[in-house]
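Here my numbering is used: the first residue of the sequence shown is 559, the next is one more, and so on. Here a beta-carbon is modelled for each residue, glycine too, at the ideal position from N, C-alpha and C.
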Amino acid sequence: MPVGPSEEESPREIKDNETNPYISSIALYNLSRAHTLLASLATKPKWTNADTSSVDCMHYDGDTALEHCASQLDLQPNQHVLDIGSGFSATGRFLASKYGAHVTGIELQRENHELAQRITVRNVDPRVVERVRSVNADFLRLTPESLVVVGGDGKPSSARFDHVVSLMCIMHIPESARSAVFRQAARFLKAGGKMYIEDLYDKSCQRDAVSHLTERELHQLREIVACPYLPSASGYVADVAAAGFDGVAFEDVSEKWTGLVRARTENYRGSEKPNADLQKFYDTIAEVFEGGSVGGVRLTAVRR
């Protein structure tokens, strides 16, 4: 039988946010909004993806981004996807409902994981309930032998994942751990399996290979966005290639995302009772994009 979405991995005791101690403090991960929304849905027996999208979508461009992701992966029904930094499992629910994928999400923060489980089991689509699973674990401490994949009939996950995805998560990883994340992704992928990432990068680092991010920008990224380090475009590609990937494609989406994040912050400012901390977070993201030194990337690669 497929592994149910309520199970957890416990390869060791997880200490929340040990990879980046700042991450739980950022406004985007303030769970009060999510709890308020779910309370308003309490009397509705089953939930659609749209019911919770206002709080569980943590990437840019909503479903359009996930459709692009699936297209880049050439995602097929019943393929197995590993989602690194899965948050509330919105990516998994979309890929399961629209494409019939099995998605195992790895989420470090226990409260995010528990809310992901809660949302998934109430989904109106039976395929989502059966095919999407959140695991509360530190991705860097997992092994293919310790992780049982959803839809895998209880078998270990060694060489079972067709794809790895990560949307707006890698930016929270310190420089010292980034290479390990990419090596770990390769470890969980089949040979020829694809990886798709959406992330930030340092646009200011050009031919001289020196970052020109200002002290203000560095502070904003570190303290408000929980982003301790950003690589250059060439550095990003080199790190992924060194971890065991070929065909690394780096698509700059800075211009598109700059417009999206500006629209997001202005829309939220005009909403009913905007939260001051979340408004500050949205304003900060818009400011660093518009400053021209922080960019957005969609990266794809194939495990060799």
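* **Buried or exposed (CB count within 10 angstroms, at least 16 for buried), S568** => Note that S568 scores 40 on pLDDT, short of 50, meaning its location in the model is unreliable; the coordinates nonetheless yield the value given after this. Exposed, by the Cβ-count rule.
* CA nearest to the CA of S724, picked from V855, L589, N588 -> V855
* To do: Would you mind sorting H660 into buried or exposed? The rule is 16 or more other CB atoms within 10 Å of its CB.
  => buried
* Asked: When the Cα atoms are used, what is the spatial distance from L788 to S644?
  -> 20 Å
* At which residues does the alpha helix (DSSP H) containing A859 begin and terminate? -> Where A859 is concerned, there is no enclosing alpha helix (DSSP H), although the beta strand (DSSP E) it sits in stretches over 852-861.
* **Cβ-Cβ separation, G709 to R689 (assumed contact under 8 Å), whole Å** => 6 Å
* To do: With distances taken Cα to Cα, identify the nearest neighbour of D760 among D696, S769, F646.
  => S769
* Taking the alpha carbon of A767 as the point to measure from, which residue in Q778, A749, Y794 has its own alpha carbon closest? -> Y794
* Beta-carbon separation of L776 and S762 under 8 Å? -> no
* Could you tell me the distance, in whole angstroms, from the CA atom of R765 to the CA atom of V811? => 20 Å
* DSSP three-state assignment for A726, whether helix, strand or coil -> With the sequence shown as reference, residue 726 is identified as Met, and Ala is not the correct amino acid for it. The answer is coil: DSSP assigns M726 none of H, G, I, E or B.
* Asked: Do V722 and I731 have their C-beta atoms within less than 8 Å of each other?
  -> no
* Three-state secondary structure assigned by DSSP to F803 -> strand
* Asked: What number of angstroms, rounded off, separates the C-alpha of D641 from the C-alpha of T816?
  -> 25 Å
* Using the rule of at least 16 other Cβ atoms within 10 Å of the residue's Cβ for burial, across every protein chain shown, is P786 buried or exposed? -> buried
* Buried or exposed by the 16-neighbour rule on C-beta atoms within 10 Å, applied to A801 -> buried
* For E703, which of helix, strand or coil comes out of DSSP? -> coil
* Asked: How about T858 and Q634: are their beta carbons less than 8 Å apart?
  -> no
* To do: Note down the Cα distance separating A600 from N670, rounded to an integer number of angstroms.
  => 18 Å
* Helix or strand or just coil, what does DSSP make of F719? -> strand
* **Delimiting residues of the beta strand (DSSP E) encompassing S598** => S598 -> not in any beta strand (DSSP E); alpha helix (DSSP H) instead, spanning 590-598.
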